[in-house]
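Single-structure report; data block below.
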Amino acid sequence: MAPETVHEDKDVARLCALYDGLLAPDAPALPPAAEQELKALAKIFDLDAERPAAELWPYVRAVLVRQAPPREEDAPAVEADPLTVLLVEDDPDAAAALTEALDAAGHRVVGPFHSAETAEAATALHPVDLALLDINLSGETTGVDLARSLKTRWGVPVIFLSGDVTAAAHNAELAAAMVIKPYSGRDVLDAIARLEPAA
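Reading the sequence shown from the start, the letters are residues 1 to 199 in the UniProt record's numbering.
This is the structure we're talking about:
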């Protein structure tokens, strides 16, 4: 059965072109750099990165192109204890919608901010339990730079909110999880709930 059509994200299309060969019988071995990238993606999507690449790619691909079966909209959202959440998202509509969803779930939102510099200054004033970071932000500092600073200075866990899966994979050690754009508030709340036991 042929893989589903990839959604029009160039980054996702590049990854599918690179790894879809693994879906064929007698697939050749991946170059070490490509295998490392695939395992980093698996880790950031909370998948078992120790599996062989040929077994791992179908699961990563399903996340990237959203092949997972649709959720029941009536199913209850996973509950999480209230947290203080730093929100850094440069899309104003997405930031407003996510702030509303976080508030409704009982979380306290610091932000939203559209630049890393402002967000980092706010973190120095407001202790936070978790940071939700877009990778590509306005200003010179990226979400990756901010994630590195938050982790090293304050030990704040990070969830990347981005469509830039390559940047996320290359910096998987900085984030506990990733939610791919376009996302819903429910997607983010579920990711927070999955992290909460380790927090």
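Note that beta-carbon positions come from the ideal geometry of N, C-alpha and C, so glycine has one too.
What three-state label does DSSP hand residue i in the structure shown?
i, result
"Leu189", "helix"
"Ile135", "coil"
"Ala176", "coil"
"Val156", "coil"
"Arg51", "coil"
"Leu161", "strand"
"Gly111", "strand"
Using 8 Å as the threshold, is the C-beta distance between residue i and residue j below it?
i, j, result
"Val48", "Arg194", "According to the sequence shown, residue 48 is Asp rather than Val. No, they are not a contact pair."
"Ala101", "Gly163", "no"
"Ala176", "Pro157", "yes"
"Leu41", "Val165", "yes"
"Pro82", "Gly106", "yes"
Where residue i and residue j are concerned, what is the direct C-alpha to C-alpha distance, given to the nearest angstrom?
i, j, result
"Leu22", "Trp57", "7 Å"
"Ala95", "Ser149", "22 Å"
"Asp103", "Val109", "7 Å"
"Leu38", "Ala53", "7 Å"
"Glu117", "Ala191", "25 Å"
"Lys181", "Asp91", "11 Å"
"Lys151", "Ala27", "38 Å"
"Arg61", "Tyr19", "9 Å"
Going by DSSP, name the residue or residues bridged to residue i.
i, result
"Leu87", "Leu132"
For residue i, collect the residues of the same chain with a Cβ closer than 7 Å to its Cβ; drop the 5 residues on either side in sequence, then sort them by chain order.
i, result
"Ala167", "Ile135 and Val144"
"Leu146", "Val88, Ala116, Ala119, Glu120 and Leu133"
"Ala75", "Residue placement at Ala75 cannot be trusted, given a pLDDT of 46 that sits under 50; what the coordinates show is reported in the next sentence. So the list is empty, once near-sequence residues are dropped."
"Leu137", "Val88, Asp90, His114, Ser115, Ala116 and Gly143"
Kindly list the residues whose CB is nearer than 8 Å to the CB of residue i, restricted to its own chain and excluding five residues on each side of it in sequence; keep chain order.
i, result
"Ala122", "Leu86, Val110, Gly111 and Phe113"
"Ile159", "Leu130, Ala131, Leu132, Leu133, Ala175, Ala176, Ala177, Met178, Val179, Val188, Ala191, Ile192 and Leu195"
"Glu73", "Residue placement at Glu73 cannot be trusted, given a pLDDT of 47 that sits under 50; what the coordinates show is reported in the next sentence. Here the set comprises nothing."
"Ala97", "Gly185"
Could you pull out every residue in the same chain whose Cβ sits closer than 6 Å to the Cβ of residue i, ignoring the five residues on either side in sequence?
i, result
"Asn171", "Val144"
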